[in-house]
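Colleague: Residue numbers for the sequence shown, in the numbering used here: 437 to 1157.
For every residue, glycine included, the Cβ atom is placed at its ideal position computed from N, Cα and C.
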Amino acid sequence: METPQVTVRNPFRGWRLPSVLLLIITFIVNPIVQAQKTPPSSSQPEILLADWQGPHGGVPPFDHIRSEWFEPAFEAAATALLNEADTIANHPSPPTFDNTIAALEKSGGALENVSPLFFTMTANMNAPEYQKISGIIRPMLSKVYDQIVFNEKLFQRIKTVYQDRENHSLTPEQLRLIEKTYERYIRRGAQLNAADKERMGKINQELAKHFTDFGNQVQRDEDTWIILGREDLAGLPQPMIDSYRAAAKKRNLSGYAVVNTRSAVDPFLTFSDHRSLREKIWRAFIMRGDNPNDNNTNDIIKRIVRLRADRAKLLGYPSHAHWRMSDTMAKEPAKAMALLDRIWPAAVARVKEEVADMQALADQENADITIQPWDYRYYMEKVRQARYDLDQTEFKNYFELNNMIRASYYMAERLYGYQFTEISGTVPVFHPDIRVFKVTHQSDGSFVGLLYRDDFARQYKRSGAWQSTYRTQHKLNGQVDAIVSNNNNFVKAAEGAKGLISLDDAETLFHEFGHAIHGLANDTTYPGLANTPRDFVEFPSQVHENWVLTREVLDRFARHYQSGEPMPQSLIDKMKKAETFNQGFATVEYMASAYIDMMIHMDGSGEIDPAAVEKEVLANIGMPKEIVLRHRLPHFLHLFSSDSYSAGYYSYLWSDVMAADAWKAFEETGNVWDPGVAKTFFDVILASGDAIDRAEAYRQFRGRDPEVEALLENRGFPSSN
Ligand SMILES: [Zn+2]
């Protein structure tokens, strides 16, 4: 399941500002009472910088946000942070863990307060005014970040603490934090000479601008649609027709609008009997960012890849991939490539079988076609029904959204002793659809954190599903609890109707919830230790998808939305039999994108032509012609809307190896709810952040390194090797 996690975590974490140095702010004491009021004008932007007030240790002031406040607020927060960094750098006493590393962890409070508000607005409510502000704020943040890393005096103090670390009685967490901090500064250029620092700063500035432009341009191409008439609807299930009608209505159009996003396009390709329309809609979708209009991203891509290669060279790495991966579990591109190469042949072999099945079925129907990419999902669905007598839509009747949300809470309750209580209406939210839940320990009622849910698709909300962290748990000055959010793009049911979701959606829901659990479970003293490597991040989320199809969850929560009957065993059996169905397609479309990501970022020259490189790599790996990349470069948001997933798209597979292997640890006990395994998993994998090296943590959990066999088995690939 590929549902990118947005870490709306502040990159400045680790530079928290002592609260005395914060701007003087007039607080809103009770956000509920104040919800209707406008705060005093003199303090408006400052409200975004204030420590969060209200219940549960403070909550995000979503009811006091104005787009025009962000620029001045970020400027003030940045100035405050730079001043703090200077204060730490010029501390009169010799450098110690407390006056340097811990002091950095405590700095940047104002920025930590405003950042999640801003990133939430740009991810969930990205109206044009926010798209514009991003273009200003992201380069501003990048500059501040560089100024701190390039602060010579500050780095010398960090270096001294690092070199001296064995001579003091420090805790393992403190030692780990020192090492991580020191390495991060070096990775970001702290040791460069003045001229190179200047060059690197310029590169980061320019990249920040391109990342924003790339995201906005793709979003604009996704906010287009193809209008259908009544005669174009053959094969489409009624709920889809309703959602296309609703999309047209929202745009004041007659007919049915298939908007150019995955959630609208994939179901059309799966069910529409109209072959030529499938092709038309498929082409529009794969051409996002690649059309001859203002949203064409090819020049931006060339520039980004070039700048990344230049930056890697400045920092002494052979390529961007080598630089980007130096703090991951894989550590180097060759390791990621080896995993891809290990899985690829089996996946391609499976695709050949899938295509043969589809072609046979098309021939049987005298369709007189050769399977093309726009036929894949359609015939795949037909084969699924023919072979397994399994109708996707049959499941939907059993997956009611609210029930599945409850199901995910049940999982967390049973595995980890968490309890979820809805508190919607008592804390501010940024849209009426948002629901808020308080998480407590079932045993003693003690507080764990808050979970915000934004489940429904909406204009100006980014597509896909993601988790974000509004506030990271830490214990710098007493306990601060996590606030996390889950964001999905489910189709909202009509007024009074029950919202039904697909099995895929249910797994996505559990996936994002797994990220949320990871954030809630974190139990480190220092917020700087909460961040786990990119190729570990998808492990907790992916492993939790497995509980959707357990008997306990299905019996309790997958009940027919009309009759209330549990899912019949025959349907479950059919589904289990079909579990590995279509894994060839899913694996190949994903892996081909992962290969391209690695190839363009392993090239030290940074000279690429996006169209040519796609063609070349696909030819080299032997891409089946019936499948297109899951993400073509012109709209590959993972790679070009920030640095985080660049040379990192392989991470889903890397994490999934651990997820499959870890799920097996539960299965091997004969009880996937086994309290002993759940406790070790919670303590070692979920709660310890990055306080222990993640490879070591995995060994502590499993008694050995992860093995790839479980993943091959899950996908129905032969594991001979
Ligand atoms: Zn994820």
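1) For the segment 978-1050, list the alpha helix (DSSP H) runs that are entirely contained and at least 4 residues long, ordered along the chain.
2) Any heavy atom of ligand 1 closer than 7 Å to the beta-carbon of Glu-974?
3) According to DSSP, what are the bridge partners of Lys-874?
4) DSSP on Glu-836, reduced to helix/strand/coil?
5) Is His-980 near ligand 1, with its Cβ less than 7 Å from a heavy atom?
6) Pro-496 and Val-597: beta carbons closer than 8 Å?
7) Using only alpha-carbon positions, find the residue among His-1074, Leu-669, Leu-606, Gln-583 that is nearest to Leu-628.
8) Say whether the segment 708-718 touches the segment 801-821, bearing in mind that this needs 3 or more beta-carbon pairs closer than 8 Å, one atom from each stretch.
9) For ligand 1, is there any heavy atom lying closer than 7 Å to the beta carbon of His-951?
10) Compute every distance between the C-beta of His-910 and the non-hydrogen atoms of ligand 1, then say whether any falls below 7 Å.
11) What does the Cβ neighbour count give for Leu-689, buried or exposed, with the cut at 16 atoms within 10 Å?
12) Taking the Cβ atom as the reference point for each residue, do Phe-892 and Phe-856 lie within a distance shorter than 8 Å?
13) Go ahead and pull the three-state DSSP assignment for Leu-453.
14) Using the DSSP secondary-structure output, state which residues sit across from Val-695 in a beta bridge.
15) Give the single residue among Ser-543, Ala-513, Glu-948 whose Cα lies nearest to the Cα of Phe-521.
16) When you compare the CB positions of Leu-672 and Gly-691, do they come within less than 8 Å of one another, or not?
17) Please find out if some non-hydrogen atom of ligand 1 comes closer than 7 Å to the beta-carbon of His-1067.
18) Using three-state DSSP, classify Ile-736 as helix, strand or coil.
19) Any chance the CB of Ala-1077 is under 7 Å from a heavy atom of ligand 1?
20) In three-state DSSP terms, what is Gly-914?
21) Since Met-636 contacts Arg-502 with CB under 8 Å, what's their CB separation in whole angstroms?
22) What would DSSP say about Gly-1139, mapped onto helix, strand or coil?
23) Which class does Ile-1057 belong to by DSSP, given the choice of helix, strand or coil?
24) Given Leu-606, which residues of its chain have a CB within under 7 Å of its CB, disregarding the five upstream and five downstream residues?
25) Is it the case that the CB of His-646 approaches a heavy atom of ligand 1 more closely than 7 Å?
26) Would you say Gln-821 and Ile-807 are within 8 Å of each other, going by their C-beta atoms?
27) Tell me whether Gly-950 is buried or exposed, calling it buried when 16 or more other Cβ atoms sit within 10 Å of its Cβ.
28) Quick one: Cα of Lys-832 to Cα of Arg-1151, how far?
29) Starting from the C-beta of Tyr-1031, find all residues in its chain whose C-beta is less than 7 Å away, skip the five residues before and the five after it, and write them out in chain order.
30) Evaluate contact between the segment 736-755 and the segment 1038-1053, counting only Cβ atoms and requiring at least three cross-stretch pairs below 8 Å.
31) To the nearest angstrom, report how far apart Leu-1122 and Ala-684 are at their CA atoms.
32) Got a sec, what are the start and stop residues for the beta strand (DSSP E) Arg-898 sits in?
33) In whole angstroms, what separates the C-alpha of Pro-1111 from that of Ala-782?
34) Any heavy atom of ligand 1 closer than 7 Å to the Cβ of His-492?
35) By how many angstroms is the C-alpha of Pro-528 removed from the C-alpha of Pro-440?
36) Grouping DSSP H, G and I as helix and E and B as strand, with all else coil, what is Leu-936?
Modeller: According to the data block:
1) 987-993, 1005-1013, 1019-1038
2) It does: the Cβ of Glu-974 is within 7 Å (strictly closer) of some heavy atom of ligand 1.
3) Thr-857, Leu-886
4) strand
5) no
6) no
7) Gln-583
8) yes
9) yes
10) Set against 7 Å, the gap from the CB of His-910 to the closest heavy atom of ligand 1 is not smaller.
11) exposed
12) no
13) Here the model assigns Leu-453 a pLDDT of 26, short of 50, so the residue's position is not dependable, and the following value carries that caveat. Coil, per DSSP.
14) Trp-661
15) Strictly speaking, residue 521 in this sequence is Ala, with Phe absent from that position. The option with the nearest alpha carbon to Ala-521 is Ser-543.
16) no
17) Short note on His-1067: C-beta not closer than 7 Å to any heavy atom of ligand 1.
18) Secondary structure at Ile-736: helix, using DSSP grouped into helix, strand and coil.
19) Sequence inspection shows Ser at residue 1077; the Ala mentioned does not correspond to that position. No, the beta carbon of Ser-1077 sits no closer than 7 Å to any heavy atom of ligand 1.
20) strand
21) Not really, about 34 Å apart at Cβ, beyond 8 Å.
22) coil
23) helix
24) Phe-533
25) no
26) no
27) buried
28) Counting only the Cα atoms, Arg-1151 lies some 23 Å from Lys-832.
29) Leu-776, Val-1053, Ile-1057
30) yes
31) 43 Å
32) No beta strand (DSSP E) contains Arg-898, which DSSP labels as neither H nor E.
33) 35 Å
34) In terms of side-chain proximity, the C-beta atom of His-492 is found no nearer than 7 Å to any non-hydrogen atom of ligand 1.
35) The predicted model places Pro-440 with a pLDDT of 44, which falls under 50 and marks its position as unreliable; any figure quoted below should be read in that light. Their Cα atoms are separated by approximately 45 Å.
36) strand
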